[in-house]
Amino acid sequence: MIATSTQTVAGTSVALIELNRPDQRNALTPEMLRELVEAIDAQATNHRALVLAGRGRVFCAGFDLKLCKAAPDGSVMRELLTGLSKACTTLRALPIPVVIAAHGAAIAGGCALLGGADLVITNTDAKLGYPVTKIGVSPAVSAPFLWQAVGFGAARERLLLPELISGRRAHEIGLAHELVDDRNDVLDRALQRAGELGAKPPGAIAATKAWLARLEPAEQQQRIHEALETSLSLTGGEEEQRLLAALNL
Amino acid sequence: MPELAALETNGPIATLTFNRPEAHNALSTEMLSAAHMRLDQLEASTDEPPVVLILTGAGRSFCAGMDLKEVIIGDDPGVPLRLLESLARLTHRLRLLPMVVLGRINGAAIGGGCGLATVCDLAITHADAKLGFPEVDLGLCPAVVSPWLVRRIGPGRARTVMLSGGVMSGSRAHELGIVSQVVDSREDLNAEVDRIAQSLAAGGPHAMRATKQLLNSLDGSDNLDILLEGAALSAKVLATEDAQRRLKARQK
């Protein structure tokens, strides 16, 4: 469910990792997230940049809720939340530039993955957001990454308001960094930008990424941990199970 | 020899001008020392100190960044680190000044020069000015100025800007929040900066100082250690063979 390949962009070797479950809008399963983390670890060492994308009409529609609904003890939801946090931190720790091609839609867990990127590209009409309180899930797991990207005010609004925003609005608030008009152009643009960033001196890029991590608040790692714990604390609870059971999937 | 940094005071408004126009006001040890001296002078002004400090460059450029002659390692390998530390301390002093610092970004503001623009409380440029942080393109790490860029535009956008390198137009810098305002053409800049300076100077000086001080404490601007740590890191990356080779190629 994860496809990996090497793309050569203007002579620069770029790892392309694609969510590959197009018939389910790349809905994330625990296995997919494990494969994703493995792929990031395996691909990163031999390339100058990494692109994360999704095959089919959209980047990622979030967690596979059918699986979550089938496990009323919350076990699948827990695996998904833990895997998601791990995927973001693994991406973030890479010494090479990470570009995410978020075409069409990046929703809930799919939007959370953007937290691992150095550069996010989307299309004007894409749908992005974290509408998960509707199903009794706390998007807290995304908060430490999101507030780094968009600041406290916009993060508060996005995490509490279970509505989606357009790619254009995501670009305005800083959740995405570049916009293209057509969703079919997002991946090409992402590969092109990854090629450009990957062509820069790797030592300087790695030092700058490490320094940006140093400039994060000292408690950032602790916050990422607490954020995951907050989301985990609700799994398998009455509210989540009731709202999930009512979902018409 | 003309002053490398000039200070003029006109009532509540003072202007500090980098004055090496033939070198696009590139940051040299001497010019930075001159700027430090002007700040000594400014900090010593007791009765009715200025309320606004305009920071600008003489000639067509604001500041082209580090002087290549001083960052290419020669007889004294300690020069780049001392230069970077002097810049780090200058940015810190500018930020901690009691007066509001208004950047008149009259032209190119590159690397450390763009960093100085982001230290200003407000900065105004024109649409065609060239701004940016091309450090990574030269194998360098913009570690001294990145804390200021992060405070200015947030960590997410700062990450994209620093890793992307290159330069951008004044208009794009305004969209990203690197400058607070942009005017259409170079000819319009002085009048607009004067207008904003007058408007700032009309504010109560105590209220302005208290507000600036609070903002500095909220965003960690008083942290000199992180800037000096950044200077050490920048100097270390700058001394690598790769960076030195690229800098020499740029000089030719």
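Keeping their order, the protein sequence lines are chains A and B. For what it's worth, the working numbering labels the leading residue of the first sequence as 1, then goes sequentially. For what it's worth, the working numbering labels the leading residue of the second sequence as 1001, then goes sequentially. No residue lacks a Cβ here, since even glycine has one placed at the ideal position from N, Cα and C. Please read all numbers here as calculations on a predicted model, not as lab measurements.
{"Query": "Quick one: is S231/A buried, meaning 16 or more other Cβ sit within 10 Å of its Cβ, or exposed?", "Result": "buried"}
{"Query": "Considering only the alpha carbon of each residue, which of T235/A, N248/A, A246/A, L243/A lies closest to S76/A?", "Result": "The amino acid at residue 76/A is misidentified as Ser; the sequence shows Val. Checked all of T235/A, N248/A, A246/A, L243/A; the closest Cα to V76/A is T235/A."}
{"Query": "Counting beta carbon pairs with one atom in the region 1059 to 1068 of chain B and one in the region 1101 to 1110 of chain B, are three or more of them shorter than 8 Å?", "Result": "yes"}
{"Query": "Span of the beta strand (DSSP E) holding L179/A?", "Result": "178 to 180"}
{"Query": "Just confirm the distance between the C-beta atoms of G129/A and I165/A, as a whole number of angstroms; I'd bet it's less than 8 Å.", "Result": "6 Å"}
{"Query": "Check each residue of the region 1149 to 1165 of chain B: if its Cβ is closer than 8 Å to any Cβ of chain A, include it; give the result in chain order.", "Result": "V1150, G1154, P1155, G1156, R1157, A1158, R1159, T1160, M1162, L1163, S1164, G1165"}
{"Query": "Which value, in whole angstroms, describes the spacing of the CA atoms of R156/A and P1077/B?", "Result": "49 Å"}
{"Query": "Does the beta-carbon distance from S1234/B to A1143/B come in below 8 Å?", "Result": "yes"}
{"Query": "DSSP beta-bridge partners for K127/A?", "Result": "A105/A, S166/A"}
{"Query": "Compute the distance between the beta-carbons of F59/A and G115/A, then report whether it is under 8 Å.", "Result": "no"}
{"Query": "Does the Cβ-Cβ distance between A204/A and L1140/B come in under 8 Å?", "Result": "yes"}
{"Query": "Would you identify the three-state DSSP class for M1031/B, choosing helix, strand or coil?", "Result": "helix"}
{"Query": "Hey, out of L1068/B, L1094/B, L1096/B, L1097/B, whose CA is closest to L1083/B's CA?", "Result": "L1068/B"}
{"Query": "Any contact of the region 59 to 69 of chain A with the region 13 to 32 of chain A, i.e. 3+ C-beta pairs under 8 Å?", "Result": "yes"}
{"Query": "Measuring alpha carbon to alpha carbon, tell me which residue in H1206/B, V1101/B, G1156/B is nearest H171/A.", "Result": "G1156/B"}
{"Query": "List the residues of chain A whose Cβ lies closer than 8 Å to the Cβ of D1225/B, in chain order.", "Result": "Correct list: empty, because the minimum Cβ distance to chain A is about 12 Å."}
{"Query": "Quick one: is A1044/B buried, meaning 16 or more other Cβ sit within 10 Å of its Cβ, or exposed?", "Result": "exposed"}
{"Query": "Along chain A, which residues have their Cβ under 9 Å away from the Cβ of L1233/B?", "Result": "A207, A210, W211, R214"}
{"Query": "Taking the C-alpha atoms as reference points, what is the distance between V186/A and R1246/B?", "Result": "33 Å"}
{"Query": "What are the residues that DSSP puts in a beta bridge with E1187/B?", "Result": "E1187/B is not bridged to any residue."}
{"Query": "For the alpha helix (DSSP H) holding A199/A, just list the boundary residues, first then last.", "Result": "Premise fails: A199/A is in no alpha helix (DSSP H) and is neither H nor E."}
{"Query": "Thinking R168/A and T124/A are a contact (beta carbons under 8 Å), I'd like their distance in whole angstroms, please.", "Result": "5 Å"}
{"Query": "Closer than 8 Å, Cβ to Cβ, to anything on chain A: give me those residues from the region 1121 to 1144 of chain B, in chain order.", "Result": "E1135, V1136, D1137, L1138, G1139, L1140, C1141, P1142, A1143"}
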